[in-house]
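Structure first, commentary second.
Protein chains: 2
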Amino acid sequence: MDPARVAAARARVPSRDDAGQLTAALSLLADPTRARVLYALDLVEELCVGDLALALEATEDAVGYALRLLRTAGFVVSRKEGRVVYYRLADGFPEPLREHCLRQLLELTRETDEDG
Amino acid sequence: MDPARVAAARARVPSRDDAGQLTAALSLLADPTRARVLYALDLVEELCVGDLALALEATEDAVGYALRLLRTAGFVVSRKEGRVVYYRLADGFPEPLREHCLRQLLELTRETDEDG
DNA sequence: TGATTACCCGTACAGGCACACGGGTATGCG
DNA sequence: CGCATACCCGTGTGCCTGTACGGGTAATCA
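So the protein lines, in turn, are chains R and Y. When we follow our numbering, the leftmost residue of the first sequence carries the number 1, and every step to the right adds one. When we follow our numbering, the leftmost residue of the second sequence carries the number 117, and every step to the right adds one.
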């Protein structure tokens with residue numbers, strides 16, 4: 001219908017593969033448990049699995065699973081002290097995610113009084 | 117183990133419900149098709165369904181489904197001209213998402229030469 | 001008016017995800 | 001050395017999500 005626009009968009013839009021990598025990263029944030037884990041670690045710097053479960057009122061299974069994915073993705077790192085494993089945000093944790101996505105979006109949800 | 121930290125985190129971490137709303141919004145970006153739809157609309161301002169499918173090299177079904185969700189969420193709006201329906205980003209499309217999440221994360225994927 | 005186009009909707013189905021469960025390992029204590 | 005704790009891992013299951021398929025509606029063209 002409008003080949004010019006189609007070509008323009010087609011040339012500049014990321015490939016489905018690149019978009020896949022991008023959305024894979026976003027998907028890690030797009031889960032209540034994982035998002036709250038990241039929030040918690042952003043707040044108190046360091047927490048062990050058990051305390052994290054208490055703070056989020058979630059099961060250790062859920063938290064453990066969340067940490068596993070975040071760890072695999074390199075978003076969090078673990079420090080083992082005795083039998084306790086402490087987690088914190090990785091040094092290389094993407095600042096844009098931390099600053100803009102998490103915090104900005106948190107305010108967005110506040111503004112959204114909807115849906116009246 | 118560390119009740120103080122647990123209490124501190126517990127008090128400030130968003131509820132699972134609030135986190136759910138937040139992650140629901142993020143989930144809309146966390147899909148290759150939807151993300152590319154938004155990219156395309158960010159680039160050329162306005163596109164109809166068929167052209168969008170061509171630009172993304174996706175089926176109309178996939179694009180139609182993506183647009184349905186984006187539309188329901190209020191991220192895109194439609195303008196009907198004859199039999200053709202043109203879509204564009206909603207005026208109220210969250211700028212932080214547009215500016216920071218989409219564009220910033222796009223650059224992130226570029227930096228990530230991994231996984232050598 | 002009849003046929004075709006562009007799009008929407010309901011249904012069906014495959015695939016993945018988050019979580020629960022059971023077992024295993026390493027650490028600390030007596 | 002033997003037991004308990006804190007955590008990790010493999011497996012199984014219910015749920016949700018994304019897409020393909022078929023039919024339907026509104027609008028253009030002859």
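The beta carbon of each residue, even a glycine, is placed where N, CA and C say it ideally should be.
For this session: Please decide whether Asp31(R) counts as near chain Y, where near means a Cβ-Cβ distance under 8 angstroms.
Result: True, the Cβ-Cβ gap to chain Y drops below 8 angstroms.
For this session: Note down, in chain order, every chain Y residue with its Cβ under 9 angstroms from the Cβ of Tyr39(R).
Result: Ala125, Arg128, Val129, Pro130 and Ala135
For this session: Anything in chain Y within Cβ reach of Ala35(R), meaning under 7 angstroms, just list it in chain order.
Result: Ala135, Leu138 and Thr139
Exercise. Relative to the alpha-carbon of Tyr87(R), which residue among Glu57(R), Asp42(R), Glu95(R) and Ala58(R) has its alpha-carbon at the smallest distance?
Worked result: Asp42(R)
Exercise. If we count the other Cβ atoms within 10 Å of its Cβ and call it buried at 16 or more, is Ala140(Y) buried or exposed?
Worked result: exposed
For this session: Using beta-carbon positions only, say whether Glu118(Y) and Asp51(R) come within less than 8 angstroms of one another.
Result: A quick correction: the sequence has Asp, not Glu, at residue 118(Y). A contact, by the Cβ cut-off of 8 angstroms.
Problem set entry | Ala171(Y) at chain R interface by Cβ criterion, 8 angstroms | yes
For this session: Output, in chain order, the set of chain R residues within a Cβ distance shorter than 7 angstroms of Asp167(Y).
Result: Per Cβ cutoff of 7 angstroms: Met1, Asp2, Arg5 and Val6.
Exercise. Is the Cβ of Ser27(R) closer than 8 angstroms to any Cβ of chain Y?
Worked result: yes
Problem set entry | Length of the line joining the Cα atoms of Tyr39(R) and Ala4(R) | 44 angstroms
Exercise. Thinking C-beta only, is Val192(Y) closer than 8 angstroms to Ala9(R)?
Worked result: no
Problem set entry | Own chain residues within Cβ distance below 6 angstroms of Ala73(R), not counting five before or after | Leu28
Exercise. What separation, rounded to the nearest whole angstrom, lies between the Cα atoms of Asp207(Y) and Lys196(Y)?
Worked result: 17 angstroms
Exercise. Ends of the beta strand (DSSP E) at Val37(R)?
Worked result: Going by DSSP, Val37(R) is part of no beta strand (DSSP E) but of the alpha helix (DSSP H) stretching over Pro32 to Val44.
For this session: Pull up the DSSP beta-bridge partners for Ser78(R), would you.
Result: Tyr87(R)
For this session: Could you tell me which residues DSSP puts in a beta bridge with Leu22(R)?
Result: Answer by DSSP bridge pairing: none, since Leu22(R) is not bridged.
Problem set entry | Same chain only: Cβ atoms within 6 angstroms of Glu114(R), ignoring 5 sequence neighbours per side | The predicted position of Glu114(R) is uncertain, since its pLDDT is 44 and thus under 50; no value can be drawn from it.
Exercise. Distance, Cα to Cα, Pro130(Y) vs Arg199(Y)?
Worked result: 45 angstroms
Exercise. Between the Cα of Ala123(Y) and the Cα atoms of Gly20(R), Leu54(R) and Gly64(R), which residue gives the shortest distance?
Worked result: Leu54(R)
Exercise. Does Leu205(Y) get closer than 8 angstroms to chain R when you measure Cβ to Cβ?
Worked result: no
Exercise. Which chain Y residues sit within Cβ distance under 8 angstroms of Val76(R)?
Worked result: The premise fails here: Val76(R) is roughly 14 angstroms from chain Y at the closest Cβ pair, so nothing lies under 8 angstroms.
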